[in-house]
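Colleague: Just so we're aligned, residue 43 is where the sequence shown starts under my numbering, counting upward by one.
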Amino acid sequence: MHNTVICPGSFDPVTLGHIDIITRASKMFDNVIVGVFVNGDKHPAFSIEERVAHLQKTVGDIPNITVMSCDGLLADCAKELGASAVVRGLRAVSDFEYEFQMALTNRKLNPELDTVFLASDAGYTYLSSSIVKNVASLGGDISNFVPACIHDEIFNRLNMKGTE
Ligand code: PNS
43 MHNTVICPGS
53 FDPVTLGHID
63 IITRASKMFD
73 NVIVGVFVNG
83 DKHPAFSIEE
93 RVAHLQKTVG
103 DIPNITVMSC
113 DGLLADCAKE
123 LGASAVVRGL
133 RAVSDFEYEF
143 QMALTNRKLN
153 PELDTVFLAS
163 DAGYTYLSSS
173 IVKNVASLGG
183 DISNFVPACI
193 HDEIFNRLNM
203 KGTE
């Protein structure tokens, strides 16, 4: 039985697509750890503390969800945290190759670690953190893309038009 799972990501910034996957996972598993990884993009728009805070504000009140920053290999973090599976969302076929490669690598590194893919909600298949950054940087409306409670914080940071 998978009692504890980890939802890893960069979350730079978190989108409504991520929130959908995390909340659905919280209904399927006893404990969900949202692991915000420090490595990945060397120049994130938001610091690790900010990304953790965004997720805390959005899903931190759900009793079986724990948000934390993670460093190093996902396979090692999962082992240390007692997570037996990784949960990732799949938006489209284009996600598959990278996700499959990660899943198999993680299982090679930690044979106890499985990966569970959740089909993204049809309404979020187009959505990504990069799209949010791009749209907001040009002053576009991102209110359909990010949680309302952190919208202003995210928009104000990313909107380059506001600083021209
Ligand atoms: O939200 P992202 O950027 O798609 O998340 C990618 C993430 C953080 C899950 C991935 O880069 C990762 O697992 N990083 C930790 C380092 C690691 O374990 N690398 C080997 C994975 S094959």
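Think of the CB as a built atom: it goes at the ideal place given N, C-alpha and C, for glycine as much as any other residue. On a predicted model such as this, the values are computed, not experimentally measured, just so you know.
#1: Does the beta-carbon of residue 153 have 16 or more other beta-carbons within 10 angstroms, so that it is buried, or is it exposed?
#2: Taking buried to mean at least 16 other C-beta atoms within 10 Å of its own C-beta, is residue 200 buried or exposed?
#3: What residue range is occupied by the uninterrupted alpha helix (DSSP H) comprising residue 130?
#4: Shorter than 6 Å, the distance from the beta carbon of residue 142 to the closest heavy atom of the ligand PNS, or not?
#5: Alpha carbon to alpha carbon, how far is residue 86 from residue 44?
#6: Identify every residue that forms a DSSP beta bridge with residue 110.
#7: Can you tell me which residues form a DSSP beta bridge with residue 46?
#8: Are the CB atoms of residue 158 and residue 129 within a distance shorter than 7 Å?
#9: Within its chain, find whatever has a CB closer than 7 Å to the CB of residue 262; leave out the 5 residues flanking it on each side and keep chain order.
#10: Please give the ranges of any alpha helix (DSSP H) in the region 113–183, keeping only runs that are unbroken, at least 4 residues long and fully inside the region.
#11: According to the Cβ coordinates, are residue 117 and residue 73 closer than 7 Å?
#12: Tell me whether the beta-carbon of residue 188 lies closer than 7 Å to the beta-carbon of residue 57.
#13: Does residue 54 pass the burial test, meaning 16 or more other C-beta atoms within 10 Å, or should it be called exposed?
#14: Could you work out which residue in 80, 46, 51, 101 is closest to residue 91 when comparing CA atoms only?
#15: In whole angstroms, what is the alpha-carbon distance linking residue 166 and residue 135?
#16: Which class does residue 102 belong to by DSSP, given the choice of helix, strand or coil?
Modeller: On the basis of the supplied data:
#1: exposed
#2: buried
#3: Note, residue 130: premise wrong, no alpha helix (DSSP H); beta strand (DSSP E) at 127–132.
#4: no
#5: 32 Å
#6: 77
#7: 73
#8: Cβ atoms of residue 129 and residue 158: closer than 7 Å.
#9: Examination of residue 262 is not possible in this model, given that the chain is present from 43 through 206 alone.
#10: If we require 4 residues or more, the alpha helix (DSSP H) runs fully inside the region 113–183 come out as 116–123, 135–151, 171–179.
#11: no
#12: yes
#13: buried
#14: With distances taken between Cα atoms, residue 91 lies closest to 80.
#15: 14 Å
#16: coil
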